[in-house]
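Structure, as structure tokens:
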Amino acid sequence: MTEATDLAAAAGSADPRVGLRAVVALRRLLEGLEHLQVANARAKGWSWQEIADALEVTRQGVHKKHARLMPMQDPREG
Numbered sequence: 082m083t084e085a086t087d088l089a090a091a092a093g094s095a096d097p098r099v100g101l102r103a104v105v106a107l108r109r110l111l112e113g114l115e116h117l118q119v120a121n122a123r124a125k126g127w128s129w130q131e132i133a134d135a136l137e138v139t140r141q142g143v144h145k146k147h148a149r150l151m152p153m154q155d156p157r158e159g
């Protein structure tokens with residue numbers, strides 16, 4: 082089984098301590114994956130609006146969440 086599969090199974094545990102810990106771990110995993118894919122999309126030239134549409138959120142929301150984590154790009158590059 083993969084880590085995600087194990088965590089998903091643990092999130093359904095009858096023991097709240099186990100379930101809640103798994104929820105926290107899944108949240109962290111998902112946040113990391115989202116950041117990775119946003120960075121990937123930006124590196125491929127996607128606009129913030131395209132990313133927002135794919136994530137089903139607003140452009141402002143995705144920009145606020147991820148722009149500060151993106152490496153600075155030289156404006157002369159394009």
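First residue of the sequence shown? That's 82 in my numbering, and the numbers climb one at a time after it.
Every residue gets a Cβ at the ideal spot worked out from N, C-alpha and C, and that includes glycine.
Treat the numbers as computed from the prediction; the structure is a model and nothing was measured.
#1: Between Ala-122, Arg-109, Ser-94, Ala-89, which lies nearest to Met-151 when the distance is taken from Cα to Cα?
#2: Ordered along the chain, which non-local residues of its own chain (more than five positions away) have a Cβ less than 6 Å from that of Leu-88?
#3: Using three-state DSSP, classify Thr-86 as helix, strand or coil.
#4: Alpha carbon to alpha carbon, how far is His-144 from Val-119? Give it in angstroms, no decimals.
#5: For Thr-163 and Gly-93, what's the separation of their Cα atoms in angstroms?
#6: Give the straight-line distance between the Cα atoms of His-116 and Ala-95, rounded to the nearest whole angstrom.
Well, looking at it:
#1: Ala-122
#2: Ala-103, Ala-106, Leu-107
#3: helix
#4: 10 Å
#5: Since the first residue of the chain shown is 82 and the last is 159, residue 163 is not available in this structure.
#6: 31 Å
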